[in-house]
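Using UniProt numbering, you'd call the opening residue of the sequence shown number 1 and step up by one each time.
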Amino acid sequence: MNDTRSDTNSVRYYCTAGNGMESFLVDEVKRKLAAKDVLQFPGKVLFSSSAMVDRVRSLKAAERLFLLLKQDSPLGLPAHTSPARASYVLQSRLFSDRNQWTGAVRTWSRLQGELAANRNADKTTAVRARKETEGGNGDEEEGKFLVESRKRTRELRVEEWESKKLRSDKQINDKEEEADVLDLSDVKDVEENEAPDTERSREIDTNQISGTYHTAARPEHNVGSCSRTMDQQEMENVSFRINCKCSGSLSRCLSAQEISKLLGAGLSRLLGWKADLKRPQLEINAHLSNDYILLGIPLTRSPLASRSYIKTTGLRSTIAWAMASLAQIQPGFCVVDPMCGVGTILIEAAQEHKAACFLGVDIDDGQLQKANENKTFAELGSRVHLLKASSMGLPLPSCSIDAVICDLPLGRKFDTKINMAVKLPLILSEMERILCVGGTLVVLLSPQLSSLMKKLLAQKHTGPTSDQKATPPAGMQE
């Protein structure tokens, strides 16, 4: 399957990103998706890509993925602008181009179809893999599965044709009321051409499972007329809801709730859409600030940061991935997390780097158990190993590890009995010992521990002054 579209069919997206993660996301979309026209805002990255949406969905530094509907400059309202004036300016800015809205929804619908096809393909692959693992009658069961699937497909197609025929009959009977919506002569032509062929299709031998339902060839203008009518009906029957965030000068004139109502009313007038707060077909996300106006449609129900391959979460997956990317892991590298917890960093790194090996170390049995469950759930096999040991006395040879990645426990999310300010020098010394020459150390620290670490490194590189006694930092033994 081709992973890219033609450049003329590139799609404009935007992703949300955590604080400080924007630069990681910019680098990722350029490297993985060959993205163009990349723009960075606080908490958001906009880009165009011809990559298939399934590849776009695999971004690791992003929180959520949206189809970009509209990007515009801020309203720039003067002080003391009345709510009525602000409403008028906003509506004229957002609803000036009807085709922009309808085109975006058609693109969104196409991308949803691609995502659904990929999900079905993944399920089929998983079924086959499971049957190959189980052995036995796997091929026979798969054949039965495909036969039943084809039978159901043909039955659904016949039912769909009968349903369309009933609707066409009703439209013909009510032609005076529906004359402005549908070309009745086209419907009649379609029905006359479909009916004989349908009778022939019903005579197909039921043993020919691979047979499919076909309709007779019809004049080209009839197909186009019906297609245009269905598109128009679909566009008029879209249900939606608005999710709005507003800041800056506009928020002093209109609240987010008022803007949501304004957008909803405008869409209903412009396109005939209907608001549905509980189960809408699509959601419009609007973010208006002093820097930009962004409108987008979410492409996935759950955030990209919610990894399907992680059972128990620890460190946020996007941050874990960013730390692994900073380690510049290469094929054949040996990577260690000396305080691995539930193993989030190791799993993110192993998912990205297939040709490296990983070792997680922790002193807590409960954390190691969860890390092992995560490892099994992610199906990483022998690429990730776990070891019970103290980070202040790692049972590893000196200069044997290519990269060390560690999220030091700060006692905020999980209770810890370790006084990190006291133990930090010894922990860092042990990490440095096992690193090979030219190795990489990536550590996640609080601002306080980061300041302490900088002082320790400065003392190490400058050494004690002539009138200062050389004493080891707190926590280190002579």
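Glycine included, each C-beta is placed from N, C-alpha and C at the ideal position.
Is residue j closer than 9 Å to residue i when the C-beta atoms are compared?
i	j	result
Val335	Ala349	yes
Pro298	Phe240	no
Leu254	Leu90	yes
Pro74	Gly296	no
Ala61	Ala17	yes
Leu424	Met453	yes
Leu68	Arg12	yes
Leu435	Ile401	yes
Pro447	Glu258	no
Ser382	Met431	no
Lys32	Arg55	yes
Val29	Val45	yes
Cys15	Leu59	yes
Leu449	Ala421	yes
Near residue i, what residues of its chain come up, given a Cβ to Cβ distance below 8 Å and the 5 sequence neighbours on each side ignored?
i	result
Leu444	Leu315, Ile319, Met323, Cys406, Asp407, Leu408
Leu456	Leu424, Pro425, Leu428, Pro473
For the putative contact between residue i and residue j, defined by C-beta atoms under 8 Å, what is the C-beta separation to the nearest angstrom?
i	j	result
Pro303	Glu63	5 Å
Pro395	Ala403	Their Cβ separation, rounded to whole angstroms, is 18 Å, which puts Pro395 and Ala403 out of contact at 8 Å.
Ile310	Ile347	6 Å
Thr300	Leu65	6 Å
Val361	Leu387	5 Å
Leu250	Leu277	Not a contact, Cβ separation roughly 23 Å.
Gly341	Ala371	7 Å
Just grab the DSSP bridge partners of residue i for me.
i	result
Gly296	Leu68, Asn285
Lys44	Thr16, Phe41
Val443	Cys406
residue 490	Outside the displayed range of the chain (1 to 478) lies residue 490, so it cannot be described from this structure.
Phe358	Val335, Val384
Asn243	Asn285
Ser49	Val11
Leu435	Ile401
Ala275	Phe240
Lys36	Ser48
Considering residue i, what are the terminal residues of the beta strand (DSSP E) in which it resides?
i	result
Tyr14	11 to 16
Using a C-beta cutoff of 9 Å, does residue i count as contacting chain B?
i	result
Ser268	The structure shown has no chain B; it contains just one protein chain.
What residue range is occupied by the uninterrupted alpha helix (DSSP H) comprising residue i?
i	result
Gly266	256 to 271
residue 480	Lying before the first or after the last residue shown, residue 480 is absent from the chain, which here runs from 1 to 478.
Pro78	Counting along the chain, Pro78 falls outside any alpha helix (DSSP H), and DSSP gives it neither H nor E.
Ile347	344 to 352
Met323	317 to 326
Leu25	22 to 33
I'd like the list of long-range same chain contacts for residue i, defined as Cβ closer than 7 Å, with 5 residues on each side in sequence excluded.
i	result
Ile242	Ser260, Leu263, Gly264, Ile284, Ala286
Gln100	Lys70
Arg433	Ser398
residue 479	Any property of residue 479 remains undetermined from this structure, which presents the chain solely from 1 to 478.
Give every residue of the same chain whose Cβ lies closer than 6 Å to the Cβ of residue i, excluding the five residues on either side of it in the sequence, and list them in chain order.
i	result
Leu380	Ala350
Phe377	Lys311
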